[in-house]
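Student: Handing you a structure now.
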Amino acid sequence: MLAHLISEGGLSLSEFPNGRVCRFGLVRCRSCQGAGFIPRIPAMAGKEKIQSESATILPWIFVALTAITLLLYMPSLKGDFVNYDDPDYVTANVEVQKGLTGESIRWAFTTGHASNWHPLTWLSHMVDYQLYELKPAGHHATNLILHTANVLLLFWVLWRSTKNVWPSAVVAALFAWHPLHVESVAWISERKDVLSAFFWLLTMWAYAEHVRGLKESGKKTMLFYGLSLMTFALGLLSKPMLVTLPFVLLLLDYWPLNRLSLESKSAWPRLMVEKVPFFLLAFADSVTTFLVQKKGGAVSSLESIALGERIANAFVSYLRYVGKMVWPENLSILYPHPHPAKWPILLVIASVVFVLGMSAAAVVWGRKQRYLFVGWFWFLGTMVPVIGLVQVGIQAMADRYSYIPHIGLFIVLAWGVPEMLASWKQRMEVLVLTTTMALIACLALTLNQEKYWCDSVTLFTHATRVTKNNYLAYNNLGHWLDNQGKPDEALANYQKSIEINPNYDEAQNNIGYVLAKKGKPEEAIPYYFSSLRLNPNRAEVHNNLGNAYADLGKLDEAIREYQAALKINTNYAEAYNGIGISLAKKGDLAGATRWLSDAIRLNPKNVSSHSNLGNVYAMQGKFDLAAIEYKLVLKQNPDDALTHNNLANLLSEQGKLDEAIGEYRSALKLKADNPEANYNLGLALLRQNKRDEARQHFNEALRLRPNYPEAQRQLGGL
């Protein structure tokens, strides 16, 4: 089938009166300026025959692309959530976990959470949570379905626009199976990539149909124009990277739609006016995105990374993106920006020469080989929003950023290589062999890359091995270790992170968090201060600092920090919870009740807030209300030994001794070394005159806590 790669031009020779026969028996078409070499085709085997052959082969291409893509990415369905961005987007996102509600939909369109404005992406995550909750396989499946749809759309759009089946199929296959795209598919948080690409390709299709309608004077042309605008708007609501699409539509006008040429300027005004609505939408989204990212602290200032450094990194990154497309090794979830170090000057010079040289070649040769001009400037232009001139985040480049841009390079390869080999006697054999080998290599490398996305520890351990000075990878490894109950190992990784980059505020905060958990709030506080000095707009760090002050009994300072967190994020439930606890400790039970109730309103699934509100109700003697809160906690977390103990205390106060004893036993079954539960169970048994059994639990309480005067007193009375 790959033998058709050159031979299928999609048009008969009669349509090219200016064609000439080359010495290899091929016709070179001057009028189409770069459509490629087209073999002699007898009159009876012109457009009709090719269309018949296409109709036969198209379904098989669709089946092959679908089946292989789904099978290739099936291992990703077994992957877990990772601890980089997934908490922001799903696992710790209270709004997403509400599912589709009026309140959550409003939030999606008004929030700048995660320093992005992409409401449609938020809505897609809400739908997934409503369907799958926190089962990662379902979330992965949505990404895979969207990626597969993108593959088929890309093939369809290219084929409809060029009538070249095999180059279109090769571009789609490279897009589907290239290992650089694993990140966009296997990472749940990169839903924005696959979702926005879906609307990007729909926009291209609708636009091409609009152009076809203009040529054929059809009645549906304005319908398709309106559809292209609508899908473009939906794409912008999924990811702002689509702001470059209006420029790509102009490239498509040059090739394959052939509506303009570099020599003639007559068509430019009309085509530019046609794109005005697209540019207006792109401009509005660009401004919105910049403001949101600036407010979220994601945009680096020129003082932190100078313009010269950004330009140097941009040129180097262009070279690296091309290099990783050709030779995709040492792929990582993050390639750290070299700042404050700089790229070697020879590498920068080589990168500038490469980019400018390729651009000049694309302009010169692109007058005849139009696909070369379009493919190269597609790649170059669509990279602009993420190339680092406006530095967002800490990366120098990212695999996920190549998802749409590399389509341009794939076009150059799929149309250019056959033309380069057109004079070879064994060109078909060479094309079939090289194309097959390249696609098999992509499949093998993608399968290998997928295995690193199974969980956080595998992903970030791999990142530390294939990159240098990857402080984010060490930080996220520390986070995973802390969640596994290994605080000392976590601290070692966090320390490694700040050794590499002392200005990494996330690791500073995480060190403080682990120290506070280890019962060292005084040691934690300086790290929180360091984190806030580097990034004062992090509500989480203010909240953690408030917790440290509360642990030290400095309740006024704690409340001040919780309020600082709420100034940054007015819906931060944890800060409401912290203020509620602090007020309760100060004796303001009514105020505590209000703040804790607000915390629950903002996050109904926060068991800590329910437990704390239960405690406040119990302190006020509102035992029935307290019992309701404790039971809500146990419904979500039946293995919470402390809440079993607290509920048992309430039941005991109400004289429900049998129920109380049952809850105490549940608490001890979950945590046998609990002196309070043993003591409380002893009291309940004593009230039932079960003195021997009560004595056993008083003794156990004393064994666990030798200095336990209440237990000693009860034993003395027995």
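Numbering follows UniProt numbering, with no gaps: position 263 of the sequence shown is 263. Cβ coordinates follow ideal geometry from the N, Cα and C atoms, glycine included.
Let me make sure I understand the geometry here. Which of S497, P502 and E561 has the alpha-carbon closest to that of I525?
Tutor: Ranking the options by Cα distance to I525, first place goes to E561.
Student: Using a C-beta cutoff of 9 Å, does D640 count as contacting chain B?
Tutor: Chain labels in this structure do not include chain B; a single protein chain is all it has.
Student: Starting from M397, follow its DSSP beta bridges and name the residues at the other end.
Tutor: Per DSSP, Y335.
Student: With distances taken from CA atoms, which of H210, V374 and V326 is nearest L251?
Tutor: Closest by alpha carbon: V374.
Student: Could you name the residues that DSSP lists as bridge partners for V299?
Tutor: V299 pairs with V392.
Student: From N313, V171 and N475, pick the residue whose C-alpha is nearest to that of G408; which is it?
Tutor: Nearest of N313, V171 and N475 to G408, Cα basis: V171.
Student: For D673, count neighbouring C-beta atoms within 10 Å of its own C-beta (all shown protein chains included) and say buried if the count is 16 or more, exposed if not.
Tutor: D673 comes out exposed.
Student: Beta carbon of A701, beta carbon of E663: below 9 Å?
Tutor: Cβ distance not < 9 Å, so A701 and E663 don't count as in contact.
Student: Ordered along the chain, which non-local residues of its own chain (more than five positions away) have a Cβ less than 6 Å from that of V326?
Tutor: Excluding positions up to five away in sequence, the list is empty.
Student: Grouping DSSP H, G and I as helix and E and B as strand, with all else coil, what is P709?
Tutor: The answer is helix: DSSP assigns P709 an H, G or I state.
Student: Classify M437: buried if its beta carbon has 16 or more other beta carbons within 10 angstroms, exposed otherwise.
Tutor: The residue in question, M437, is exposed, as its Cβ has fewer than 16 Cβ neighbours within 10 Å.
Student: Over what stretch of residues does the alpha helix (DSSP H) that includes H210 continue unbroken?
Tutor: R191 to E216 is the extent of the alpha helix (DSSP H) around H210.
Student: Pop quiz: E523 and L515 are said to be a contact at Cβ under 8 Å. What is the actual Cβ separation, rounded to whole angstroms?
Tutor: The Cβ separation is near 5 Å, so the contact holds.
Student: Reducing DSSP to helix, strand and coil, say where F315 ends up.
Tutor: Note: F315 maps to helix in three-state DSSP.
Student: So, V185 versus N143, is the Cβ gap smaller than 9 Å?
Tutor: Yes. Within cutoff.
Student: In or out: A197 buried (at least 16 other Cβ within 10 Å) or exposed?
Tutor: Classification of A197: buried, given that the 10 Å Cβ count is 16 or more.
Student: Tell me the rounded alpha-carbon separation between S332 and L445.
Tutor: S332 and L445: Cα-Cα distance of roughly 13 Å.
Student: Going by the CB atoms, is the gap between S189 and V82 shorter than 9 Å?
Tutor: Yes, the Cβ-Cβ distance between V82 and S189 is below 9 Å.
Student: In the DSSP assignment, the alpha helix (DSSP H) including I646 goes from what residue to what residue?
Tutor: Reading off the sequence, residue 646 comes out as Asn, not Ile. It spans A641 to E653 - the alpha helix (DSSP H) in which N646 sits, taken as one unbroken run.
Student: Anyone know if the C-beta pair for V363 and L262 falls short of 9 Å?
Tutor: Contact: yes.
Student: Just to confirm, is the Cβ distance from A398 to L174 under 9 Å?
Tutor: Cβ distance not < 9 Å, so A398 and L174 don't count as in contact.
Student: My guess is that S609 and I600 are in contact by the Cβ rule of under 8 Å, so how many angstroms apart are they, rounded?
Tutor: 5 Å between Cβ atoms; contact.
Student: Please report how far the alpha carbon of Q426 lies from the alpha carbon of G416, in whole angstroms.
Tutor: Near 17 Å, if we compare the C-alpha coordinates of G416 and Q426.
Student: Just to confirm, are S124 and L227 a CB contact at a threshold of 9 Å?
Tutor: No, the Cβ-Cβ distance between S124 and L227 is not below 9 Å.
Student: Report all residues from its chain with a CB closer than 6 Å to the CB of V472; omit the five preceding and five following residues, and keep chain order.
Tutor: It is Leu, not Val, that sits at residue 472 in the sequence shown. So the list reads L334, once near-sequence residues are dropped.
Student: Consult DSSP for A701 and reduce its assignment to one of helix, strand or coil.
Tutor: Residue state, collapsed to three classes: helix.
Student: So L152 and F278 are supposed to be a Cβ contact under 8 Å. How far apart are they, rounded?
Tutor: Contact doesn't hold; Cβ gap of about 24 Å is too wide.
Student: With DSSP collapsed to three states, give me the class of K451.
Tutor: Here K451 sits in helix by DSSP.
Student: Among H644, N707 and P706, which has the Cα closest to the Cα of N680?
Tutor: The shortest C-alpha separation from N680 is found at H644.
Student: When we look at the beta-carbon of F224 and count the other beta-carbons within 10 Å, is it buried (16 or more) or exposed?
Tutor: So F224 counts as buried.
Student: Mind checking Q714: buried by the 16 CB within 10 Å criterion, or exposed?
Tutor: Under this definition Q714 is a buried residue.
Student: Which residue wins for smallest C-alpha separation from P405, given the options L180, K520 and T56?
Tutor: Considering only alpha carbons, the answer is L180.
Student: Nearest by alpha-carbon distance to E419: which of Q395, A463 and K368 is it?
Tutor: Comparing Cα-Cα distances from E419 to each of Q395, A463 and K368, the minimum goes to K368.
Student: What would DSSP say about V94, mapped onto helix, strand or coil?
Tutor: In this structure, V94 counts as coil in the three-state DSSP scheme.
Student: Fully enclosed by the UniProt repeat "TPR" (607-640), which alpha helix (DSSP H) runs are 4 residues long or longer?
Tutor: Segments of the alpha helix (DSSP H) lying fully in the UniProt repeat "TPR" (607-640): 607-619 and 623-636.
Student: By Cβ distance below 7 Å, which residues in the same chain neighbour L651 in space, the five residues on each side in sequence not counted?
Tutor: Counting only Cβ-Cβ distances below 7 Å, and skipping sequence neighbours, we find E659, A660 and E663.
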